[in-house]
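Following: one structure in structure tokens, then a few remarks.
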Amino acid sequence: MSTIELNKRQEHILQIVKENGPITGEHIAERLNLTRATLRPDLAILTMSGFLEARPRVGYFYTGKTGTQLLADKLRKLQVKDFQSIPVVIHENVSVYDAICTMFLEDVGTLFVVDDNAILVGVLSRKDLLRASIGKQELPSIPVHIIMTRMPNITLCKRDDFVLDIAKMLIDKQIDALPVVKDTEKGYEVVGRITKTNMTKILVGLSENEIM
1 MSTIELNKRQ
11 EHILQIVKEN
21 GPITGEHIAE
31 RLNLTRATLR
41 PDLAILTMSG
51 FLEARPRVGY
61 FYTGKTGTQL
71 LADKLRKLQV
81 KDFQSIPVVI
91 HENVSVYDAI
101 CTMFLEDVGT
111 LFVVDDNAIL
121 VGVLSRKDLL
131 RASIGKQELP
141 SIPVHIIMTR
151 MPNITLCKRD
161 DFVLDIAKML
171 IDKQIDALPV
181 VKDTEKGYEV
191 VGRITKTNMT
201 KILVGLSENE
211 IM
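The UniProt record's numbering applies: residue 1 is where the sequence shown begins, and numbers increase by one.
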């Protein structure tokens, strides 16, 4: 993963703050023979990226963090709600055959199974459907609730959970996706999904500085 790339002027600003901080924006501008307005975008980038911190009536000071440390700090703050995908949900009475067709058409690796109240009751993975397909069973006549993983044996998450914690759960449980749920009086309602693909997109976004 690449670190945050700074231009020469931003590197010069960092060096000035390292050696003289805390220092005001006006004094930094004087050292660079620039106007405060010209310098403002660079200071904003360095502050938002975490290289500098600003204190009112005191000035800027260097945080001492490397680009890699800043990326790690940023990753630890990311929450599920900002990266979750739309879930693919099926009813518990849908046949295994129809579930296989849905998974293929939606191009997903996990289906979330709900009851008549749209409450989460199970999860279906590719492995579950493959296992059911082996043999001479009549797939159109077998409902998915026969083969699905049931509550309370489902690993799930909430919108406010941290992405890094969910990534660890995906690795530890060796699963491809988790349902993102919210509590209701009747149980858990599925409001999203977080997957290994989501995690990959997050890493790519961080490496390309698209996630602030």
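We put the CB at the ideal spot given by N, CA and C, even for glycine.
Being a predicted model, the structure only gives us computed values, none of them experimental.
Inspect the beta-carbon positions of L124 and T110 and report whether they are closer than 8 Å. The residue labelled residue 124 in the question sits at position 124 within the sequence shown. The residue labelled residue 110 in the question sits at position 110 within the sequence shown. For L124 and T110, yes; Cβs fall inside 8 Å.
| task | Specify whether the region 145-164 and the region 176-183 touch according to this definition: at least 3 beta carbon pairs, one from each stretch, less than 8 Å apart. | result | The region 145-164 makes contact with the region 176-183, as at least three CB pairs between them are under 8 Å.
Practice item. Please name the residue or residues paired with Q79 in a DSSP beta bridge. Key: The residue labelled residue 79 in the question sits at position 79 within the sequence shown. Bridge partners of Q79 according to DSSP: F162.
- Query: Do H91 and G122 have their C-beta atoms closer together than 8 Å?
  - Reply: Numbered from its first residue, the sequence shown carries residue 91 at position 91. Numbered from its first residue, the sequence shown carries residue 122 at position 122. No, the pair does not count as a contact, with Cβ atoms beyond the cut-off.
Can you name the residues that DSSP bridges to H91?
As a working mapping, residue 91 is identified with position 91 in the sequence shown. H91 pairs with V114.
Handout entry: Buried versus exposed, by CB contacts within 10 Å (16 or more), T3
Key = Numbered from 1 along the sequence shown, position 3 holds the residue referred to as residue 3. Any reading at T3 needs caution, since the residue's pLDDT is 49, under 50, leaving its predicted position unreliable; the model's value is listed next. Per the 10 Å Cβ criterion, exposed.
Exercise for the section: Using three-state DSSP, classify V108 as helix, strand or coil. Expected result: Along the sequence shown, one-based indexing puts residue 108 at 108. Residue state, collapsed to three classes: coil.
### Message
Which of the three DSSP states is assigned to T195 in this structure?
### Response
As a working mapping, residue 195 is identified with position 195 in the sequence shown. Three-state DSSP puts T195 in a strand.
- Message: Using a Cβ-Cβ cutoff of less than 6 Å, which residues in the same chain neighbour V88 once the five nearest sequence positions on both sides are dropped?
- Response: Counting from 1 along the sequence shown, the entry for residue 88 is found at position 88. So the list reads E106, V108, L111, once near-sequence residues are dropped.
Provide the residue(s) that pair with V123 in DSSP beta bridges, ordered along the chain.
Taking the first residue of the sequence shown as position 1, residue 123 is located at position 123. As a beta-bridge residue in DSSP terms, V123 pairs with F112, T149.
_Distance check for Q10 and L43, CA to CA, integer angstroms please._
The residue labelled residue 43 in the question sits at position 43 within the sequence shown. The residue labelled residue 10 in the question sits at position 10 within the sequence shown. In a straight line, the C-alpha of L43 is about 8 Å away from that of Q10.
Quiz item: When the Cα atoms are used, what is the spatial distance from Y62 to F51?
Solution: Residue numbering aside, residue 62 sits at position 62 when the sequence shown is read from its first letter. Residue numbering aside, residue 51 sits at position 51 when the sequence shown is read from its first letter. When rounded, the separation of the alpha-carbon atoms in Y62 and F51 is 6 Å.
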